[in-house]
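Engineer: Attaching a single structure in structure tokens format; questions to follow.
Numbering (our numbering), first residue to last: 21 to 479.
If you want it as structure tokens, here you go:
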């Protein structure tokens, strides 16, 4: 555990003390080294916890998410190079420092075995994200986006803190392994219901559940590229991971609790997919698509079967890589045309043919084409939901249909059509961008060869 956390903390002096010439090179190579080191966590084991120290331990559920979070740090640093190139050196250093500071907190949140530490690191990831959005966002609306993010997260997670403290007074421990042995028994049903609701609510807002998702499109649209990648790929996964951990802990949920969440999640997947069909803003479209994907994850982790959990796990990982890649592509368009409106960035395929290839690949993975892990995850989740209640096939079926249609709409809108008249000259695509896309797509294509690494099932 420490051999990842300590180098991550040592990235801070690297970012602060590197000479200007080597700033990007040093931070990127260092974080890539950490990312390759973290791949050892994926090794399957027969023990429930690997690398168990007093407060942290790596489970089959948390190891893929940990590796994903280590993998995305160098990609975020690489993606932000272009829009920071005209800023003074100190600002570049501060930007990279905020990116690096989020990392230990995310690693702690995913690997902790103690609920209080989990809560602290879950909340601490909010502060650097807020700094990223409100300082490096593109438009003045970023302040309202930051306020939305802050208040949604805080209001939903204060009940979580109260319930965690209540759990502690009841059982005398907050250690996950201990709590699994001594199931917390709630005296009357109302206390049970309310504490279950409070435990789930914070993660439902973070995940986000349809109806509590309004902060997400705002935050995504206003955030810089690194902030968008971070939100889509890691912070949403904190919500899904929290739901999986807490539902395992509480035992079978009372049905008045999980029916509303299930219906909202599935209905939300359908609604946000149809919202995507009439979006004009590229980043907002991708943000809404991630709401609909996470709806499936929430629905799966609510019914608590092995199939559903492993489907939710695979979908979280593959969605992290896919949506991050889509945001990078949207950002390459934005840096060239300085507009996110789909009508103004159309017809780019003849100008940037290689980028069009990446667009095609990313969109095909987003709509779950066969050789991708997205398809495996969606099928697993749909089978689990169908097994739970055959009625759900209507909702999930329409949602997949709409997903395919808005994905193709996004592809056609950005790549096909007549070139807008105001685009006279356009910057070529750089090697850095191609490497960025390659590093997103290679893990996706490799993981389908051995999906049990990320399926969350004890092997």
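In this text, a Cβ means the ideal position worked out from N, Cα and C, and glycines have one as well.
#1: Ignoring anything shorter than 3 residues or poking outside the segment 297-344, list the beta strand (DSSP E) runs there in chain order.
#2: So, is residue 91 buried or exposed, given that buried needs 16 or more other C-beta atoms within 10 angstroms?
#3: Using the beta-carbon count (16 or more within 10 Å), is residue 30 buried or exposed?
#4: Please classify residue 358 as buried or exposed, where buried requires at least 16 other C-beta atoms within 10 Å of its C-beta.
#5: Going by DSSP in three states, residue 474 sits in which element: helix, strand or coil?
#6: Give every residue of the same chain whose Cβ lies closer than 8 Å to the Cβ of residue 117, excluding the five residues on either side of it in the sequence, and list them in chain order.
#7: For residue 195, which three-state DSSP category applies?
#8: Here's the rule I'm using: 16 or more other beta-carbon atoms within 10 Å means buried, otherwise exposed. How should residue 436 be labelled?
#9: By how many angstroms is the C-alpha of residue 93 removed from the C-alpha of residue 52?
#10: Taking only the alpha-carbon atoms, compute the straight-line gap between residue 214 and residue 220 and give it to the nearest angstrom.
#11: Determine which residues share a DSSP beta bridge with residue 70 and list them.
#12: Using beta-carbon positions only, say whether residue 131 and residue 330 come within less than 8 Å of one another.
#13: Report the three-state DSSP secondary structure of residue 161 (helix, strand or coil).
#14: Helix, strand or coil for residue 132, going by three-state DSSP, please let me know.
#15: Can the beta-carbon of residue 393 be found closer than 8 Å to that of residue 334?
#16: So residue 169 and residue 150 are in contact, right, with Cβ under 8 Å, and what is the actual spacing, rounded?
#17: Please report the residue range of the alpha helix (DSSP H) in which residue 41 lies.
#18: Bridge partners for residue 361 per DSSP, in chain order?
#19: At the level of alpha carbons, what is the spacing between residue 472 and residue 396?
#20: Kindly indicate which three-state DSSP category residue 409 falls into: helix, strand or coil?
#21: Mapping DSSP to helix, strand and coil, what is residue 392?
#22: At the level of alpha carbons, what is the spacing between residue 239 and residue 147?
#23: For residue 252, which three-state DSSP category applies?
#24: Looking only at its chain, what residues have a beta carbon closer than 6 Å to the beta carbon of residue 84, apart from the 5 residues adjacent to it on each side?
#25: CA-CA distance, residue 360 and residue 260?
#26: What's the gap between the Cα of residue 289 and the Cα of residue 316?
#27: Going by CA-CA distance only, name the one from 391, 444, 313 and 353 that's closest to residue 402.
Structural biologist: Here's the rundown:
#1: none
#2: For the purposes of this step, residue 91 is taken as the residue at position 71 of the chain shown. With at least 16 other beta carbons inside 10 angstroms of its own, residue 91 counts as buried.
#3: If you number the chain shown from 1, residue 30 lands on position 10. Classification for residue 30: exposed.
#4: Within the chain shown, the letter at position 338 stands for residue 358. Exposed, since its Cβ has fewer than 16 Cβ neighbours within 10 Å.
#5: Locating residue 474 in the chain shown gives position 454, counting from the first residue. Here residue 474 sits in coil by DSSP.
#6: To locate residue 117, count along the chain shown from 1; it is residue 97. These residues qualify, in order along the chain: 32, 35 and 36.
#7: On the chain shown, residue 195 is found 175 positions in, with the first residue counted as 1. Of the three classes helix, strand and coil, the one that applies to residue 195 here is strand, per DSSP.
#8: Taking the first residue of the chain shown as 1, we reach residue 436 at position 416. Exposed, by the Cβ-count rule.
#9: Counting from 1 along the chain shown, the entry for residue 52 is found at position 32. Counting from 1 along the chain shown, the entry for residue 93 is found at position 73. Each residue's alpha carbon lies about 8 Å from the other.
#10: As a working mapping, residue 214 is identified with position 194 in the chain shown. As a working mapping, residue 220 is identified with position 200 in the chain shown. Rounded to whole angstroms, residue 214 to residue 220 spans 10 Å at the Cα level.
#11: For the purposes of this step, residue 70 is identified with residue 50 of the chain shown, where counting begins at 1. 78.
#12: As a first step, residue 131 is located in the chain shown; it is residue number 111 there, counting from the start. As a first step, residue 330 is located in the chain shown; it is residue number 310 there, counting from the start. It is not a contact, given that the beta carbons lie outside the stated cut-off.
#13: The residue given as residue 161 occupies position 141 in the chain shown. It is coil, neither helix nor strand.
#14: Looking up residue 132 in the chain shown gives position 112. DSSP places residue 132 in strand when its eight states are reduced to three.
#15: As a working note, residue 393 is residue 373 in the chain shown. As a working note, residue 334 is residue 314 in the chain shown. A Cβ-Cβ contact shorter than 8 Å links residue 393 with residue 334.
#16: The residue labelled residue 169 in the question sits at position 149 within the chain shown. The residue labelled residue 150 in the question sits at position 130 within the chain shown. So it is a contact: roughly 6 Å between Cβ atoms.
#17: Within the chain shown, the letter at position 21 stands for residue 41. Element bounds for residue 41: n/a, residue is neither H nor E.
#18: To locate residue 361, count along the chain shown from 1; it is residue 341. Under DSSP, residue 361 takes part in a beta bridge, and its partners are 301.
#19: Position 452 of the chain shown holds residue 472. Position 376 of the chain shown holds residue 396. Looking at the two C-alpha atoms, the distance is approximately 11 Å.
#20: Position 389 of the chain shown, counted from the start, is the residue given in the question as residue 409. If DSSP states are grouped into helix, strand and coil, residue 409 belongs with coil.
#21: Indexing the chain shown from 1 puts residue 392 at position 372. Coil at residue 392, not helix or strand.
#22: As a first step, residue 239 is located in the chain shown; it is residue number 219 there, counting from the start. As a first step, residue 147 is located in the chain shown; it is residue number 127 there, counting from the start. Cα-Cα distance, rounded: 14 Å.
#23: Position 232 of the chain shown, counting from 1, holds the residue named residue 252. Note: residue 252 maps to helix in three-state DSSP.
#24: Here residue 84 refers to the residue found at position 64 when the chain shown is read from its first residue. 337 and 474.
#25: By 1-based counting over the chain shown, the position of residue 360 is 340. By 1-based counting over the chain shown, the position of residue 260 is 240. Cα to Cα, residue 360 sits roughly 29 Å from residue 260.
#26: Start at 1 with the first residue of the chain shown, and residue 289 comes out as number 269. Start at 1 with the first residue of the chain shown, and residue 316 comes out as number 296. Approximately 7 Å between the Cα atoms of the pair.
#27: Along the chain shown, one-based indexing puts residue 402 at 382. Among 391, 444, 313 and 353, the Cα nearest to that of residue 402 is on 313.
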